[in-house]
Amino acid sequence: MTSKTPAATAAKKPRVLIFDTTMRDGEQSPGASMTLNEKLELANLLENMGVDIIEAGFPAASAGDFAAVSAIAAQSKSAVICGLSRSTPSDIDRCGEAVRKSARPRIHTFISTSPVHMKHKLKMGPNAVLEAVGRSVAQARNLVDDVEWSAEDATRTEFDFLCKCIDTAIASGATTINVPDTVGYSHPDEYGALIRRLIENIPNSDKVIWSAHCHNDLGLAVANSLAGMANGVRQIECTINGLGERAGNAALEEIVMAMKVRGDTLPYDTNIDTSYLARASAMVSRITGFPVQYNKAIVGKNAFAHESGIHQDGMLKNSETYEIMKPEDVGVAKTSLVMGKLSGRNAFRDKLESMGYTLEADALNDAFKRFKDLADRKKHVFDDDIIALVDEQLAAEGERIGFKRLRVVAGTEGPQTAEIDLTIDGEDKYSIARGNGPVDAVFNAIRQLVPHHAVLELYQVHAVTGGTDAQATVSVRLNGDGIMATGRSSDPDTLVASAKAYLHALNKFEVRKAKRSRAA
Ligand code: KIV
Ligand code: ZN
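According to the numbering used here, the sequence shown holds residues 1 to 520 in order.
Below, the structure written as structure tokens:
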């Protein structure tokens, strides 16, 4: 169990810095964009959890990214706040400006160094790239004391050239050197050997912190990061739930728990309070609309579930038979019957606070009313029901298109018909539509009121808790005009949850479309 990490506990272990890039690389995941308020909420949680460095965005990418990085820098207390920047002078200035209000600002600048990236993406020769490394790092270092330099596609870069670039970055003032496996191509033994060889070959390697940034295209991001750590890396770049470009990045929760559970073979410490992990995972899933797969390590719904009789028997005798860590270690509370119809507002507020939600008075009143409605309709209300209810409310705040009422005719007699009332920009609207099944009818009714070209790419239903009166959580993904948006919602009525999830995605889709046309 985690409480017994043998001999290694005696001596002080070297620290490994946890660099969270959920809001930068994670947000680059198609469909995973976050609003400013969502980013502020997540940054606050990451900081409370003990993340050392928060990569808050890519300030030169858009006005929204610049505003988010600046606001996170201004609210930060102890974490280093980092912005990503290409090597162009205007990007670096913009990044420096965005992180300025943090007590501990960092500029993270990068350029590709592999032959394929230099030739086809940058259309630059090695000398020009080398010159850009020196110039960009020196410029960043004039703005802040903490500068990270990354060799994009490092693992497919010719070794001697990689050494030259890193040498130049260190000579120009970089304080952290990041070695990304940008396309998730490495195997752990190879990645570990690369880190070791770089550290052995670069004369000033002891003057900088070495960092791993591994993508998960072959499912090896965590294994590669740990191999890097065993060979000298002291900063790991990772994301909550492994969010990120394509197959994602190394999952923060897996890295941290691998170190905590296997302190005997990974004798390093982090500053992370692991009891925040489940909450962080749920928050990122709620904000992005990306469900966490049930069997996901550490934070999946089934990570601590025991189904077979033999396993249950073993667990009852001693939980160490089938659990290598305790659910409490990662902040998973035992599913408990929490509250009922007669519970009061204060008890409800206390319950929410224990689950990491602090709501303003209006939002609390709203949530309490919805909880009472739920308790009227559902016999047992569990923690997970309350989480779903509050998440759904938070997701709907400030949306242009609001849900009011739904009536559906379903069953064998047909025709399946949906009548829906919405508010659109404050005005009440009504529509009625038929469909090939009740869900189709509901979505057709919404499409009549808000015409759009996006197609429904994903529709998924899960039960929040057990029983036939369980709330259903519906996830929806819309894709069209090069824009992708995901939405999620829960309700004991699957069709109501479907309508709200569709509207959640549609609201995001419309916001993105408007943003794009403003930018154009
Ligand atoms: O994957 C990558 O190479 C990156 C860099 C910008 C650090 O995300
Ligand atoms: Zn990346």
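All C-beta atoms, glycine included, are put in the ideal place defined by N, C-alpha and C.
Option in R104, A497, A67 and T486 with minimal Cα separation from R94: A67
Reference N127, options I255, Q139 and I111, closest by Cα: I111
Which residues DSSP lists as bridging K429, in chain order: L422
Residues bridged to Y459 (per DSSP): V476
E237 - containing beta strand (DSSP E), residue span: Q235 to C238
Extent of the continuous beta strand (DSSP E) to which S112 belongs: P105 to S112
Touch test, the segment 508-517 against the segment 490-498, Cβ-Cβ under 8 Å, three pairs minimum: no
Three or more C-beta pairs below 8 Å linking the segment 96-105 and the segment 148-163: no
Helix, strand or coil at K369 according to DSSP, with G and I counted as helix: helix
Burial state of K531, where buried means 16 or more other Cβ atoms lie within 10 Å: Residue 531 lies beyond the residue range present for the chain, which begins at 1 and ends at 520; the question has no answer from this structure.
Cα-Cα separation between P327 and V256, rounded to whole angstroms: 15 Å
Three-pair Cβ contact test at 8 Å for the segment 230-238 versus the segment 17-28: yes
Helix, strand or coil at K404 according to DSSP, with G and I counted as helix: strand
Contiguous alpha helix (DSSP H) assignments of at least 4 residues, all confined to the segment 6-84: 36-49 and 63-75
Rounded C-alpha distance that separates M34 from L42: 10 Å
Three-state secondary structure assigned by DSSP to D481: coil
Sequence-distant residues of the same chain with beta carbon closer than 6 Å to S150, five excluded per side: F110, N178 and P180
Span of the beta strand (DSSP E), counted from its first residue to its last, around N178: T176 to D181
Within 9 Å, strictly: CB atoms of A227 and G242: no
Contact the segment 415-426 vs the segment 438-446: 3+ CB pairs below 8 Å: yes
Contact test: S150 Cβ vs the ligand KIV heavy atom, cutoff 8 Å: yes
Extent of the continuous alpha helix (DSSP H) run through S285: L277 to T288
C-alpha distance - K123 paired with R135, whole-angstrom precision: 18 Å
Assigned exposure category for A361 - 16 Cβ within 10 Å defines buried: exposed
Spatial distance of M49 from A79 (CA atoms): 10 Å
Distance between E253 and H215 (C-alpha atoms, nearest Å): 15 Å
Heavy atom of the ligand FAD within 8 Å of L84 beta-carbon: Absence of the ligand FAD is noted for the structure shown, with the ligand KIV and the ligand ZN being the only ligands found.
Reference I72; option with closest CA among S62, A60, D206 and E38: E38
Burial state of N231 (16 or more Cβ within 10 Å): buried
Q416 burial status per 10 Å Cβ neighbour count (16 or more: buried): buried
Proximity winner among R86, L374 and D329, relative to M339 (alpha-carbon distances): L374
Element boundaries [alpha helix (DSSP H), containing I272]: Careful: I272 lies outside any alpha helix (DSSP H) and carries neither H nor E.
Coarse secondary structure for I199, derived from DSSP in three states: helix
G96: CB within 8 Å of a non-hydrogen atom of the ligand ZN: no
Bridge-paired residues (DSSP) for S490: T473
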